[in-house]
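Asks: Numbering (the numbering used here), first residue to last: 549 to 635. Structure below; questions to follow.
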């Protein structure tokens, strides 16, 4: 959890819009988030705001959700994962 919390700002600054969409889809598929939570993130117009909302939501769900997000992110964007120090 602390690892995700510590990279929150850099994640928000650097993650791309396509990766945030894929990350949301993956989190929904793995039952980390529900449809309502996914829609609440998609309401944000700014990419960085979406990224912050995703991390905030996942952090509230605990260590298992954080590990799932980290794993998904590393599968989706190995370069970003490495840049954030998550790999």
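Beta carbons are placed, not taken as given, at the ideal position from N, Cα and C, and that holds for glycine.
Is residue 634 helix, strand or coil by DSSP?
Replies: Of the three classes helix, strand and coil, the one that applies to residue 634 here is coil, per DSSP.
Asks: Rounded to a whole number of angstroms, what is the C-alpha to C-alpha distance between residue 627 and residue 620?
Replies: C-alpha separation (whole angstroms): 13 Å.
Asks: What would DSSP say about residue 589, mapped onto helix, strand or coil?
Replies: Residue 589: helix per DSSP, three-state reduction.
Asks: Assuming residue 580 contacts residue 601 under a Cβ cut-off of 8 Å, what Cβ separation, rounded to an integer in Å, is found between them?
Replies: About 14 Å; that fails the 8 Å criterion.
Asks: Alpha helix (DSSP H) containing residue 574: first to last residue?
Replies: 565 to 577 is the extent of the alpha helix (DSSP H) around residue 574.
Asks: Under 7 Å Cβ to Cβ from residue 625, same chain only, skipping five residues before and after it: list those, please.
Replies: Once the five neighbours on either side are set aside, the close Cβ partners of residue 625 are 567.
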